[in-house]
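Take a look at the structure below.
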Ligand code: NAP
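Below, the structure written as structure tokens:
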């Protein structure tokens, strides 16, 4: 599917330019708030629907998958979407690729909005692993583990032996597959004092984290550094080539340039 002549700019479209904003990250919520207050663009804020707590952002909201790249391409055409801001989470494995494919097929301008990963500091002890399974293997017999990978990513740790888990999640894991675990429900941003106290109170030996980047959940890494605890750090999935920015402000600058081109 190719739009051919649809290399129309946003401003030459017949109505208010329509932008699809793919959510799932802090940056997406920031963009939804900022663009939702503007009258020169119509923003459709799209969520996969994994969490119950959904703030109202943008001008229009939709929830649930599109049905793969071809269906997304049809959605872009049917809804006259003039640009896509892909601000899905750094660990969204499929959506960035689907979006790149659909935007290439329809000639729709696309921007990936993703914050930079955390970088290991000199006093850190990180073991970098490519996937959750490898993180689970890395904590076999590791003692008391602080698991911060999220409620939907506990299964690989269910068969780990010689470890007790402190699991932190935003919403209750259902099911919760790890037998020897304490679940605490909390949502960032987390403070350094709080993270330090948590590691001490639960006598944590090792932390497992996804390299999400950003400030909201970085304090656990500082606490680990201070208390000289190792971190098993899961690397991000690969992301498609193409224009990428790190912040909502940069994304708005990109969109404004498109609107005036
Ligand atoms: P994923 O592998 O990229 O997405 C799986 C499927 O969910 C996609 O193929 C798509 O379905 C649908 N989807 C994803 N984001 C969507 C969006 N913004 N609007 C509409 N449909 C969307 O990502 P995931 O790891 O399953 O995560 C799901 C969502 O949670 C993502 O939006 C992500 O940003 C957010 N999130 C993920 C993590 C994480 O650690 N993985 C953390 C926080 C938030 P179709 O193929 O049917 O279109």
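In our numbering, the protein residues as written are 104 to 364.
Think of the CB as a built atom: it goes at the ideal place given N, C-alpha and C, for glycine as much as any other residue.
- When C-beta atoms of the region 335 to 343 are compared with those of the region 192 to 202, three or more pairs fall below 8 Å, so the two segments count as touching.
- DSSP places residue 189 in the strand class (E or B) of the three-state scheme.
- The continuous beta strand (DSSP E) containing residue 213 extends over residues 213 to 216.
- At least one heavy atom of the ligand NAP falls within 7 Å of the beta-carbon of residue 197.
- For the beta strand (DSSP E) assignment, the uninterrupted runs of no fewer than 3 residues enclosed by the region 285 to 349 are, from N- to C-terminal side, 309 to 313, 334 to 337.
- At least 8 Å separates the beta-carbon of residue 326 from that of residue 334.
- Judged by their CB atoms, residue 355 and residue 332 are not nearer to each other than the 8 Å cut-off.
- Our two residues, residue 364 and residue 273, have alpha carbons roughly 42 Å apart in a direct line.
- The DSSP-derived three-state label of residue 357 is helix.
- Per DSSP, the unbroken alpha helix (DSSP H) holding residue 130 starts and ends at 129 to 139.
- By the C-beta density criterion, residue 174 is exposed, having fewer than 16 other C-beta atoms within 10 angstroms.
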